[in-house]
Amino acid sequence: EILTVGGFDSYLVETGNDILVKKVGEMTQFESTAIGGECDNPTDPMTLGPIECDYEGGWGKMTVDQRKRSVMLIFSNTPTFRARWTVDCTIEKHGEPDCSSGRRLAFGGTSS
3 EILTVGGFDS YLVETGNDIL VKKVGEMTQF ESTAIGGECD NPTDPMTLGP IECDYEGGWG
63 KMTVDQRKRS VMLIFSNTPT FRARWTVDCT IEKHGEPDCS SGRRLAFGGT SS
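Residues in the sequence shown are numbered consecutively from 3, following our numbering.
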């Protein structure tokens, strides 16, 4: 997945994160560098942390730190912003691209 967004003041990512960050014109692109599954999707953006996942498809059990797969954007005095969410169907099932799984994008925080 790739989140391309603009209009924010700054961003925070965890040290040793699974995100590639680059500028694209006036926007910033945050690209996932790790494969995930439904088991590592957060249920609350305010309580991210390490979790145990048992992935289907032969990946097996592993510990995933949700903080390393998240980005926090800081906005101030921003009534609107632009964002684009891009998803690629690169995981295959039975030799065919599998685009059937959903994606999760969570917003959380407080307003001023």
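Built from N, CA and C at the ideal position, the CB exists for glycine as well.
Asp-42 carries a helical assignment under DSSP once its states are collapsed to helix, strand and coil. Of the residues Asp-46, Thr-45 and Glu-40, the one whose Cα lies closest to the Cα of Asp-56 is Glu-40. If you check the CB distance, Val-73 and Phe-32 come in under 8 Å. For Gly-18, the closest alpha carbon among the candidates Ala-36, Asp-46 and Leu-107 is that of Ala-36. Within the same chain, Thr-65 and Asp-67 come within 6 Å of Pro-52 by CB-CB distance, once the 5 residues on both sides are set aside. A Cβ-Cβ separation of about 11 Å leaves Val-23 out of contact with Thr-6 under the 8 Å criterion. Only exposed fits Ile-76, as fewer than 16 other CB atoms lie within 10 angstroms of its CB. Counting along the chain, the unbroken beta strand (DSSP E) around Lys-63 starts and ends at 62-67. Membership of Ser-34 in the beta strand (DSSP E) is indicated by the continuous run 29-34. With fewer than 16 other CB atoms across the displayed protein chains lying within 10 angstroms of its CB, Gly-110 is exposed. In the three-state reduction of the DSSP assignment, Arg-105 falls in the coil class.
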